Amino acid sequence: MNPIAPPPSGPKVHVILKRHEQATSNVSCEARQGSIDIRTISHIDPEEFAAGDKHIVVGDYLPCGLTREAKERASRKLGARLENVELLCCSTATRAIETLQMMLPQLELGPGCPRDENGQPIVHCDSRILEATNWPQDQSATRWKKDGRTYTSYFELQGGTGPDAGNVLGVSRADLTNTNWRQEDDPREALRHCPAFEDIEERVAQWRRDLFERASLMTNEDTARFVVVSHGGITNFITSEWRCLYKRKDPDSFWKWAGSGILTNGDVVVFEFQSDGTFTEIPRDPYYEKVFGDSYKTWGEEALVYKNPDGSEVDQKRGHVDFIRDTAEEVVAVMEKQGDLLDKMGAWLQGK
178 MNPIAPPPSG PKVHVILKRH EQATSNVSCE ARQGSIDIRT ISHIDPEEFA
228 AGDKHIVVGD YLPCGLTREA KERASRKLGA RLENVELLCC STATRAIETL
278 QMMLPQLELG PGCPRDENGQ PIVHCDSRIL EATNWPQDQS ATRWKKDGRT
328 YTSYFELQGG TGPDAGNVLG VSRADLTNTN WRQEDDPREA LRHCPAFEDI
378 EERVAQWRRD LFERASLMTN EDTARFVVVS HGGITNFITS EWRCLYKRKD
428 PDSFWKWAGS GILTNGDVVV FEFQSDGTFT EIPRDPYYEK VFGDSYKTWG
478 EEALVYKNPD GSEVDQKRGH VDFIRDTAEE VVAVMEKQGD LLDKMGAWLQ
528 GK
């Protein structure tokens with residue numbers, strides 16, 4: 178449980194925890210004539226796929242980055258500049274990196290925020306806060322170099338929620354040059370095995386301890402801010418509190434699993450470090466309302482509880498465990514059939 182933080186005194190650090198904007202893997206559409214399902218199609222030419230006239234039914238398994246619509250949303254001005262940012266951190270997934278990069282023009286960096294020799298901000302990318310599931314899109318971005326710069330590429334989708342969300346618009350390239358990586362995942366190995374739940378908990382706990390150590394060094398007179406962009410499901414591990422999404426048909430029905438997190442794409446929750454290294458959510462703050470607008474969410478002091486008609490309470494952590502296991506079984510089955518095709522598409526993107 179992460180109670181609302183008490184009124185802080187002295188130097189403090191706020192952790193701005195943001196879920197990435199809509200990405201390839203968030204797209205799901207109704208099939209139409211000529212639609213492509215990458216999970217079952219036997220052959221496709223990557224160059225033909227990237228030509229801009231294809232439509233997919235689901236974005237899972239493809240190299241993953243932000244959709245066109247998400248980029249337009251992410252590039253909109255915040256209500257105010259976010260001040261005193263002392264750390265830029267995200268997972269090693271392209272969608273998280275791009276989301277943070279698109280925030281940069283509207284962040285006021287503090288004196289301790291890492292920069293390169295030209296004074297440009299450096300984004301710390303850490304695989305320990307990758308999503309908890311082992312879909313290919315939940316592994317670290319594949320990087321390649323050209324003319325002294327570092328990039329990754331993916332097939333860009335239209336995005337949004339309409340029937341054209343799955344339209345393939347071409348190839349998009351993300352510049353990862355000003356990033357500092359801590360990568361501990363082995364993407365190929367992850368596709369073959371279900372990640373142990375306890376291992377995920379420990380890797381995130383190590384990340385949180387490292388973040389707390391950095392926070393303890395802050396000497397700012399005003400509030401220092403760490404911006405962290407990650408994923409919906411891994412947020413449960415980051416906060417050590419499970420807030421998953423369940424739905425039901427009516428009040429007389431039992432709750433059914435609907436998702437590993439309640440944050441939608443682009444949502445923000447703000448936490449504060451306590452002296453023991455734990456996170457507590459800060460009370461709703463007008464400053465963050467002004468900066469983030471409708472994307473700013475507060476969970477409150479009470480845990481999220483789902484009660485069934487028989488009075489039983491849904492075990493959300495157990496549901497997440499089962500979801501990770503079931504996803505891993507699906508990934509193994511799909512990769513056995515589609516691994517060569519997906520490898521071919523990924524290899525074709527290098528240098529594009």
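Count along the sequence shown from 1, add 177, and you get the number used in the working numbering.
The beta-carbon is built from N, C-alpha and C at its ideal position, and this holds for glycine as well.
These numbers were taken from a predicted model, which means no experiment stands behind them.
Hey, CYS421 and GLN314 are a contact pair by Cβ (cut 8 Å); roughly how many whole angstroms apart? Here residue 421 corresponds to residue number 244 of the sequence shown, with the count starting at 1. Here residue 314 corresponds to residue number 137 of the sequence shown, with the count starting at 1. Actually they are not in contact, since the Cβ atoms of CYS421 and GLN314 sit about 20 Å apart, beyond 8 Å.
Beta carbon of LEU243, beta carbon of THR276: below 8 Å? Numbered from its first residue, the sequence shown carries residue 243 at position 66. Numbered from its first residue, the sequence shown carries residue 276 at position 99. In this structure, LEU243 lies near THR276, with their beta-carbon atoms less than 8 Å apart.
Count the other C-beta atoms from every protein chain shown that fall within 10 angstroms of the C-beta of VAL381, then say buried if there are 16 or more, exposed otherwise. Here the question's residue 381 lines up with position 204 in the sequence shown. Taking all protein chains in view, the Cβ of VAL381 is crowded by 16 or more other Cβ atoms within 10 Å, so the residue is classified as buried.
Roughly how far, in whole angstroms, is the beta-carbon of GLY347 from the beta-carbon of GLU333, given that I think they are within contact range, below 8 Å? If you number the sequence shown from 1, residue 347 lands on position 170. If you number the sequence shown from 1, residue 333 lands on position 156. Confirmed, about 6 Å.
Cα separation between MET512 and SER219? For the purposes of this step, residue 512 is taken as residue 335 along the sequence shown, with counting starting at 1. For the purposes of this step, residue 219 is taken as residue 42 along the sequence shown, with counting starting at 1. Computed Cα separation, rounded: 12 Å.
Look up THR455 in the DSSP assignment and say whether it is helix, strand or coil. Translated into the one-based positions of the sequence shown, residue 455 becomes position 278. The three-state reading of DSSP puts THR455 in coil, since its state is none of H, G, I, E or B.
Taking contact to mean 3 or more Cβ pairs, one atom from each stretch, closer than 8 Å, check whether the region 221-241 and the region 424-443 are in contact. With a cut-off of 8 Å on Cβ pairs, the region 221-241 is not in contact with the region 424-443, counting fewer than three such pairs.
Would you call GLN316 buried or exposed, if buried means 16 or more other Cβ atoms sit within 10 Å of its Cβ? Taking the sequence shown and counting its residues from 1, one reaches residue 316 at position 139. The residue in question, GLN316, is buried, as its Cβ has 16 or more Cβ neighbours within 10 Å.
With 16 other Cβ atoms within 10 Å as the buried cut-off, status of GLN210: Mapped onto the sequence shown, residue 210 falls at position 33. By the 10 Å Cβ count, GLN210 comes out exposed.
TYR423 (DSSP reduced to helix, strand or coil): Taking the sequence shown and counting its residues from 1, one reaches residue 423 at position 246. DSSP places TYR423 in strand when its eight states are reduced to three.
Pair every Cβ in the region 262-275 with every Cβ in the region 406-416, then say whether three or more of these pairs are closer than 8 Å. The answer is yes - the region 406-416 touches the region 262-275, with three or more Cβ pairs under 8 Å.
Looking only at C-alpha atoms, which of TYR483, THR329, GLN493 sits nearest to ASN413? Sequence index remark: in the sequence shown, residue 413 carries index 236 (1-based). For ASN413, the closest C-alpha among the options TYR483, THR329, GLN493 is that of GLN493.
For the alpha helix (DSSP H) holding VAL511, just list the boundary residues, first then last. For the purposes of this step, residue 511 is taken as the residue at position 334 of the sequence shown. Note, VAL511: alpha helix (DSSP H), 493-526.
Tell me the DSSP secondary structure of ARG380 in three-state form. Numbered from 1 along the sequence shown, position 203 holds the residue referred to as residue 380. Here ARG380 sits in helix by DSSP.
What number of angstroms, rounded off, separates the C-alpha of SER186 from the C-alpha of PRO291? As a position in the sequence shown, residue 186 is number 9, starting the count at 1. As a position in the sequence shown, residue 291 is number 114, starting the count at 1. For SER186, the pLDDT reaches just 44, beneath the cut-off of 50, and the residue's location in the model is therefore unreliable, leaving the point undetermined.
On the criterion of 16 or more Cβ atoms from any shown chain inside 10 Å, does VAL262 qualify as buried, or is it exposed? For this step, residue 262 is matched to residue 85 along the sequence shown. Within 10 angstroms of the beta-carbon of VAL262 lie 16 or more other beta-carbons, which makes it buried.
C-beta contact flag for TRP384 and ASP499 at 8 Å: Reading the sequence shown from its first residue, position 207 is the one you call residue 384. Reading the sequence shown from its first residue, position 322 is the one you call residue 499. No; because the gap between Cβ atoms is not below 8 Å, this pair is not in contact.
Compute the beta-carbon to beta-carbon distance between VAL204 and ALA318, rounded to the nearest angstrom, for a pair I have assumed lies under 8 Å. As a first step, residue 204 is located in the sequence shown; it is residue number 27 there, counting from the start. As a first step, residue 318 is located in the sequence shown; it is residue number 141 there, counting from the start. Under the criterion of beta carbons closer than 8 Å, VAL204 and ALA318 do not qualify as touching, at roughly 18 Å.
Counting along the chain, where does the alpha helix (DSSP H) carrying VAL468 start and finish? What you label residue 468 is simply residue 291 of the sequence shown in a count that begins at 1. Here the alpha helix (DSSP H) through VAL468 covers 463-469.
Check the DSSP bridge columns for THR412 and list the partner residues they point to. Here residue 412 refers to the residue found at position 235 when the sequence shown is read from its first residue. THR412 is not bridged to any residue.
On the criterion of 16 or more Cβ atoms from any shown chain inside 10 Å, does ASN295 qualify as buried, or is it exposed? Working through the sequence shown from its first residue, we reach residue 295 at position 118. By the 10 Å Cβ count, ASN295 comes out exposed.
Given a threshold of 16 other Cβ atoms within 10 Å of its Cβ, counted over all protein chains shown, does GLN278 qualify as buried or as exposed? On the sequence shown, position 101 is the one that residue 278 refers to. Only buried fits GLN278, as 16 or more other CB atoms lie within 10 angstroms of its CB.
Spell out the partners DSSP gives TYR473 in its beta bridges. Stepping through the sequence shown from its first residue, residue 473 is reached at position 296. In the DSSP output, where bridge partners are listed per residue, TYR473 has VAL445.
Go to ARG326, then tell me how far its beta strand (DSSP E) extends in each direction, as first and last residue. Taking the sequence shown and counting its residues from 1, the one referred to as residue 326 is at position 149. It spans 326-334 - the beta strand (DSSP E) in which ARG326 sits, taken as one unbroken run.
CB-CB under 8 Å to LYS521, same chain, minus the five flanking residues each way: which ones, in chain order? Taking the sequence shown and counting its residues from 1, the one referred to as residue 521 is at position 344. By the criterion of a C-beta distance shorter than 8 Å, LYS521 is surrounded in its chain by PRO223, once the five residues flanking it on both sides are discounted.
Tell me HIS220's beta-bridge partners as DSSP assigns them. Locating residue 220 in the sequence shown gives position 43, where the first residue counts as 1. Beta-bridge pairing links HIS220 to no other residue.
For LEU353, which three-state DSSP category applies? In the sequence shown, residue 353 corresponds to position 176, counting from 1. Three-state result, LEU353: coil.
Reference ILE157, options LEU388, LEU239, HIS497, closest by Cα: Lying outside 178 to 529, the shown extent of the chain, residue 157 is not represented and no answer is given.
Whole-angstrom Cβ separation of ASP274 and ALA351, contact assumed at under 8 Å? Counted from its first residue, the sequence shown places residue 274 at position 97. Counted from its first residue, the sequence shown places residue 351 at position 174. For clarity, residue 274 is Ile in the given sequence; the question names Asp instead. Confirmed, Cβ separation roughly 7 Å.
Please list the terminal residues of the continuous alpha helix (DSSP H) segment that includes LEU277. Within the sequence shown, residue 277 is the residue found at index 100, counting from 1. Residues 271-280.
Contact check, HIS197 vs VAL447, beta carbons under 8 Å: To locate residue 197, count along the sequence shown from 1; it is residue 20. To locate residue 447, count along the sequence shown from 1; it is residue 270. At a Cβ-Cβ threshold of 8 Å, HIS197 and VAL447 do not count as neighbours.
Could you check whether ARG320 and GLU285 sit closer than 8 Å to each other, using their CB atoms as the reference points? Numbered from 1 along the sequence shown, position 108 holds the residue referred to as residue 285. Numbered from 1 along the sequence shown, position 143 holds the residue referred to as residue 320. The answer is no: Cβ separation not under 8 Å.
As a quick exercise: from TRP476, THR457, HIS301, pick the residue whose alpha carbon is nearest that of ASN357. Reading the sequence shown from its first residue, position 180 is the one you call residue 357. Of TRP476, THR457, HIS301, the smallest CA-CA separation from ASN357 is found for HIS301.
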